[in-house]
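Contents: one structure, followed by commentary.
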Amino acid sequence: CPPSRYGRMRVLLVLAVLLCPGWAVAGDSVTYDAADELAARGAVVSAFGGVTISAGRPALRQFAADGQEAVVVALGLMDVAQWSTPQQLRWRVRAALGDLRSVPCVIWVDLRLLSTIHDDWPARVRVFNDILEDEAPLVAHWGYYSHGHRDWFRADGFHPNRSGQSAYARFL
(Lines of atoms letter the chains of each structure in order from A and count residues from 1; the text may use other names and numbers.)
(Lines give C-alpha, C1' and ligand atoms only; values in the text may rest on other atoms or scores of the structure.)
Protein backbone atom coordinates (compact mmCIF):
# COMPACT_ATOMS: atom_id res chain seq x y z
CA CYS A 1 0.00 0.00 0.00
CA PRO A 2 1.72 3.21 -1.10
CA PRO A 3 1.87 6.05 1.44
CA SER A 4 -0.47 8.28 -0.59
CA ARG A 5 -3.13 5.59 -0.65
CA TYR A 6 -2.60 4.89 3.03
CA GLY A 7 -3.06 8.57 3.86
CA ARG A 8 -6.32 8.74 1.89
CA MET A 9 -7.57 5.55 3.53
CA ARG A 10 -6.71 6.83 7.00
CA VAL A 11 -8.81 9.95 6.38
CA LEU A 12 -11.71 7.78 5.19
CA LEU A 13 -11.43 5.54 8.24
CA VAL A 14 -11.32 8.48 10.64
CA LEU A 15 -14.38 10.00 8.95
CA ALA A 16 -16.17 6.65 9.02
CA VAL A 17 -15.65 6.29 12.77
CA LEU A 18 -16.65 9.90 13.43
CA LEU A 19 -19.79 9.57 11.34
CA CYS A 20 -20.72 6.11 12.69
CA PRO A 21 -20.61 6.33 16.50
CA GLY A 22 -21.90 2.78 17.27
CA TRP A 23 -19.19 0.34 16.28
CA ALA A 24 -18.28 -3.27 16.72
CA VAL A 25 -15.34 -5.53 15.91
CA ALA A 26 -15.43 -9.21 14.99
CA GLY A 27 -12.05 -10.86 14.98
CA ASP A 28 -9.71 -13.70 15.76
CA SER A 29 -6.88 -14.05 18.27
CA VAL A 30 -5.25 -10.76 17.24
CA THR A 31 -8.46 -8.90 18.09
CA TYR A 32 -9.01 -11.04 21.18
CA ASP A 33 -5.61 -9.94 22.50
CA ALA A 34 -6.65 -6.29 22.11
CA ALA A 35 -10.29 -6.73 23.25
CA ASP A 36 -9.91 -4.73 26.48
CA GLU A 37 -8.23 -1.85 24.63
CA LEU A 38 -10.96 -1.89 21.97
CA ALA A 39 -13.78 -2.02 24.53
CA ALA A 40 -12.22 0.95 26.32
CA ARG A 41 -12.60 2.85 23.04
CA GLY A 42 -16.31 2.04 22.85
CA ALA A 43 -16.27 -1.01 20.61
CA VAL A 44 -18.50 -4.02 21.05
CA VAL A 45 -16.05 -6.89 20.58
CA SER A 46 -16.60 -10.49 19.51
CA ALA A 47 -13.24 -12.21 19.19
CA PHE A 48 -11.90 -15.70 19.77
CA GLY A 49 -8.68 -17.50 19.05
CA GLY A 50 -8.74 -19.79 16.03
CA VAL A 51 -11.92 -18.39 14.51
CA THR A 52 -12.33 -18.49 10.73
CA ILE A 53 -14.39 -16.13 8.61
CA SER A 54 -17.22 -18.68 8.51
CA ALA A 55 -17.13 -19.15 12.28
CA GLY A 56 -17.19 -15.38 12.78
CA ARG A 57 -20.29 -14.84 10.64
CA PRO A 58 -22.81 -15.30 13.50
CA ALA A 59 -21.23 -12.33 15.27
CA LEU A 60 -21.41 -10.28 12.07
CA ARG A 61 -25.09 -11.14 11.64
CA GLN A 62 -25.73 -10.20 15.28
CA PHE A 63 -23.97 -6.84 14.85
CA ALA A 64 -26.16 -6.14 11.81
CA ALA A 65 -29.30 -7.18 13.69
CA ASP A 66 -28.30 -4.97 16.63
CA GLY A 67 -28.09 -1.97 14.31
CA GLN A 68 -24.38 -1.30 14.67
CA GLU A 69 -23.51 1.63 12.44
CA ALA A 70 -19.92 0.54 11.82
CA VAL A 71 -18.49 -2.96 11.86
CA VAL A 72 -14.80 -3.75 11.65
CA VAL A 73 -14.05 -7.26 10.39
CA ALA A 74 -10.68 -8.59 11.49
CA LEU A 75 -10.99 -12.15 10.25
CA GLY A 76 -9.03 -14.22 7.76
CA LEU A 77 -5.87 -15.24 9.59
CA MET A 78 -7.05 -18.79 10.21
CA ASP A 79 -8.49 -19.12 6.71
CA VAL A 80 -5.13 -18.23 5.16
CA ALA A 81 -3.22 -20.35 7.70
CA GLN A 82 -5.42 -23.37 6.90
CA TRP A 83 -4.46 -23.26 3.21
CA SER A 84 -7.81 -22.07 1.89
CA THR A 85 -7.82 -21.57 -1.86
CA PRO A 86 -8.26 -18.07 -3.33
CA GLN A 87 -11.75 -19.09 -4.50
CA GLN A 88 -12.69 -20.22 -1.00
CA LEU A 89 -11.32 -17.01 0.50
CA ARG A 90 -13.24 -14.83 -1.97
CA TRP A 91 -16.48 -16.74 -1.33
CA ARG A 92 -16.06 -16.40 2.46
CA VAL A 93 -15.33 -12.68 2.23
CA ARG A 94 -18.37 -12.13 0.00
CA ALA A 95 -20.60 -14.17 2.31
CA ALA A 96 -19.45 -12.21 5.37
CA LEU A 97 -19.98 -8.91 3.59
CA GLY A 98 -23.45 -10.12 2.58
CA ASP A 99 -24.24 -10.59 6.27
CA LEU A 100 -23.37 -6.92 6.78
CA ARG A 101 -25.28 -5.40 3.85
CA SER A 102 -27.52 -3.40 6.22
CA VAL A 103 -24.55 -1.89 8.07
CA PRO A 104 -23.72 1.62 6.79
CA CYS A 105 -19.99 1.39 7.41
CA VAL A 106 -18.01 -1.85 6.97
CA ILE A 107 -14.23 -1.93 7.29
CA TRP A 108 -12.12 -5.09 6.86
CA VAL A 109 -8.64 -5.24 8.40
CA ASP A 110 -5.92 -6.69 6.20
CA LEU A 111 -3.31 -9.21 7.34
CA ARG A 112 0.37 -8.59 8.05
CA LEU A 113 2.85 -9.87 5.51
CA LEU A 114 5.58 -10.33 8.09
CA SER A 115 5.23 -13.42 10.21
CA THR A 116 6.92 -16.69 11.04
CA ILE A 117 3.72 -18.70 10.60
CA HIS A 118 4.71 -20.28 7.23
CA ASP A 119 7.55 -19.76 4.74
CA ASP A 120 5.06 -18.85 2.04
CA TRP A 121 3.01 -16.60 4.33
CA PRO A 122 3.71 -13.33 2.46
CA ALA A 123 2.48 -14.75 -0.87
CA ARG A 124 -0.65 -16.21 0.70
CA VAL A 125 -1.41 -13.00 2.57
CA ARG A 126 -1.00 -10.93 -0.61
CA VAL A 127 -3.69 -13.08 -2.25
CA PHE A 128 -6.04 -12.51 0.69
CA ASN A 129 -5.31 -8.79 0.91
CA ASP A 130 -5.89 -8.45 -2.85
CA ILE A 131 -9.29 -10.13 -2.40
CA LEU A 132 -10.11 -7.59 0.32
CA GLU A 133 -9.15 -4.74 -1.99
CA ASP A 134 -11.51 -6.15 -4.62
CA GLU A 135 -14.44 -6.96 -2.35
CA ALA A 136 -14.48 -4.90 0.87
CA PRO A 137 -15.99 -1.40 0.93
CA LEU A 138 -13.07 -0.13 3.05
CA VAL A 139 -9.83 -1.87 3.97
CA ALA A 140 -7.87 -0.88 7.08
CA HIS A 141 -4.22 -1.43 6.22
CA TRP A 142 -2.92 -2.76 9.52
CA GLY A 143 -0.08 -4.45 7.66
CA TYR A 144 1.15 -1.12 6.34
CA TYR A 145 0.48 0.77 9.57
CA SER A 146 2.34 -1.76 11.72
CA HIS A 147 5.24 -2.24 9.30
CA GLY A 148 8.53 -1.41 10.97
CA HIS A 149 7.13 -1.93 14.47
CA ARG A 150 8.50 -5.38 15.28
CA ASP A 151 8.45 -4.27 18.91
CA TRP A 152 4.61 -4.42 18.83
CA PHE A 153 4.55 -8.20 18.29
CA ARG A 154 5.30 -11.48 19.94
CA ALA A 155 7.82 -13.90 18.42
CA ASP A 156 5.41 -15.07 15.69
CA GLY A 157 5.37 -11.57 14.19
CA PHE A 158 1.59 -11.53 14.11
CA HIS A 159 0.06 -11.52 17.59
CA PRO A 160 0.46 -8.20 19.40
CA ASN A 161 2.19 -7.78 22.73
CA ARG A 162 0.89 -5.13 25.20
CA SER A 163 2.20 -2.15 23.25
CA GLY A 164 0.96 -3.75 20.02
CA GLN A 165 -2.49 -4.26 21.51
CA SER A 166 -2.68 -0.55 22.28
CA ALA A 167 -1.45 0.32 18.79
CA TYR A 168 -4.00 -2.05 17.20
CA ALA A 169 -6.86 -0.54 19.20
CA ARG A 170 -5.77 3.01 18.35
CA PHE A 171 -5.52 2.03 14.69
CA LEU A 172 -9.01 0.53 14.55
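Mapped onto the working numbering, the consecutive letters of the sequence shown carry residue numbers 21 to 192. Backbone N, C-alpha and C define an ideal beta-carbon position, used for all residues, glycine too. These numbers were taken from a predicted model, which means no experiment stands behind them.
Cβ pair V92, V45 closer than 9 angstroms: Cβ distance < 9 angstroms, so V92 and V45 count as in contact.
Rounded straight-line distance, which links the Cα of R110 to that of S74: Roughly 12 angstroms separates the two Cα atoms.
Where the alpha helix (DSSP H) through A115 begins and ends: Bounds of the alpha helix (DSSP H) holding A115 are 106 to 119.
Contacts around A189, its chain only, beta-carbon distance under 7 angstroms, and the 5 residues preceding and following it disregarded: A54, E57, L58, R61.
Whole-Å CB distance - D48 paired with V71, under 8 angstroms assumed: Between D48 and V71, the beta carbon gap of about 5 angstroms places them in contact (Cβ cut-off 8 angstroms).
Neighbourhood of G76 by C-beta distance below 6 angstroms, restricted to the same chain and skipping five residues each side: Correct list, in chain order: A46, L95.
Local Cβ density within 10 Å of V37, reported as buried at 16 or more and exposed below that: Any reading at V37 must be qualified, since the residue scores a pLDDT of 45, below 50, and its modelled position is unreliable; no value is offered.
Residue nearest to G163 in terms of C-alpha spacing, selected from P157, E155, N149: Selection P157, E155, N149 evaluated against G163 yields N149 as nearest (Cα-Cα).
Pick from G42, H169, S166, A115 that is closest to Q88, judged by C-alpha positions: Closest option to Q88, Cα to Cα, is G42.
Outcome for W141 when other beta-carbon atoms lying within 10 angstroms are tallied against a minimum of 16: Buried, by the Cβ-count rule.
Three-state class that DSSP yields for F178 in the structure shown: Secondary structure at F178: coil, using DSSP grouped into helix, strand and coil.
For F173: DSSP bridge partner residues: Beta bridge pairing from DSSP links F173 with P180.
Same chain, Cβ closer than 7 angstroms to F173, neighbours up to 5 away in sequence not counted: If the five residues before and after F173 are omitted, its C-beta is found closer than 7 angstroms to the C-beta atoms of H179, P180, N181, G184, all from its own chain and listed in chain order.
One or two residues paired with A127 in a DSSP bridge: Per the sequence shown, the amino acid found at residue 127 is Ile instead of Ala. I127 pairs with V92, L158.
Assumed close pair L158, D130 - CB separation to whole angstroms, cut-off 8 angstroms: Taking C-beta atoms under 8 angstroms as the contact rule, L158 and D130 fail to qualify, at a distance of about 11 angstroms.
Backbone CA spacing between W103 and W128 [nearest angstrom]: In this model, W103 and W128 are separated by some 20 angstroms (Cα to Cα).
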